[in-house]
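Single-structure report; data block below.
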Amino acid sequence: MRAKRSIDKMEKKKDVAGLIEMLRRNDWTLRRKAATALEKVGAPAVEAVIIALEDENRYVRRMAALILGTIRDRRAVEPLIAVLGDQDTNVRRCAAESLGKLKDKRAIEPLVLALREEKDSVRWIIALALQKLGGEKEVDSLMGALEDSQDVRENEVEGNTDNIL
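Under this note's numbering, think of the first position of the sequence shown as 27, with each following residue one higher.
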């Protein structure tokens, strides 16, 4: 309870460094609350959250990628593109999701290249991000890369890619 109140105070003071530190906590609820606070701080938090994309803790990297997608600041595009190569599957997934939210055309080519991803769950998020960014060339690449994935084909049938197909 005390830590949650501390997060509220940090948010009011826009204590970005303190909120980033709270992302390192073991308690998932505290990490989520700190992430929400950073999202509310918005643009003033972007630089620190970008730095957090390189944190040694994969949970911090995941949260940072998601926070940047919520804030939707264009300064995050290149750092999120770099994170598409992270060793953690969920960090890559979160980066792709956020790039889709940012809707910046600079992300198209890196996302197309990222379709080589082995994990279907990540490729599916990449597909959705590309859907948001649009473009015939990207759709063709997307369809070719997804042909071999049973899970992705099933999702297509369910209508999740209506705008692509």
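From the three backbone atoms N, C-alpha and C, an ideal C-beta is built for every residue, glycine too.
CA-to-CA distance, residue j to residue i, given in whole angstroms
i           : j           : result
residue 49  : residue 104 : 22 angstroms
residue 85  : residue 61  : 11 angstroms
residue 135 : residue 107 : 10 angstroms
residue 77  : residue 140 : 22 angstroms
residue 56  : residue 151 : 26 angstroms
residue 28  : residue 138 : 45 angstroms
residue 30  : residue 96  : 21 angstroms
residue 114 : residue 33  : 27 angstroms
residue 67  : residue 41  : 9 angstroms
residue 51  : residue 79  : 16 angstroms
residue 187 : residue 112 : Note that residue 187 has pLDDT 44, beneath the 50 cutoff, so the model's placement of it is unreliable and the number below is only indicative. Their backbone Cα atoms lie some 26 angstroms apart in a straight line.
residue 157 : residue 116 : 20 angstroms
residue 91  : residue 83  : 13 angstroms
Residue burial classification, residue i (beta-carbon count within 10 angstroms, cutoff 16)
i           : result
residue 59  : buried
residue 183 : In this prediction, residue 183 has a pLDDT of 42, which is less than 50 and means its spatial position is unreliable; what the coordinates show is noted afterwards. Result: exposed.
residue 118 : buried
residue 89  : buried
residue 71  : buried
residue 153 : buried
residue 143 : buried
Proximal residues to residue i (C-beta, below 6 angstroms), its chain only, five neighbours per side dropped
i           : result
residue 125 : 106, 133, 155
residue 36  : 44, 45
residue 81  : 87
residue 54  : none
residue 191 : Low per-residue confidence applies at residue 191: pLDDT is 39, beneath 50, and the placement is therefore not dependable, though the value from the model is reported in the following sentence. Correct list: empty, nothing qualifies.
Bounding residues of the alpha helix (DSSP H) (the contiguous stretch that carries residue i)
i          : result
residue 71 : Here residue 71 belongs to no alpha helix (DSSP H), and DSSP marks it neither H nor E.
residue 27 : Unbroken run through residue 27: none, as it is neither H nor E.
residue 47 : 42 to 48
residue 90 : 84 to 97
Beta-carbon contacts of residue i that lie in its chain and below 7 angstroms, excluding the five residues immediately before and after
i           : result
residue 130 : 100, 103
residue 93  : 61, 64, 65, 75
residue 110 : 118, 121, 122, 136, 140
Neighbourhood of residue i by C-beta, 8 angstroms cutoff - its chain only, sequence neighbours within 5 removed
i          : result
residue 98 : 127, 128
*asked:* Ignoring anything shorter than 3 residues, give me the beta strand (DSSP E) runs that lie fully in the segment 105 to 164, in order along the chain.
replied: none
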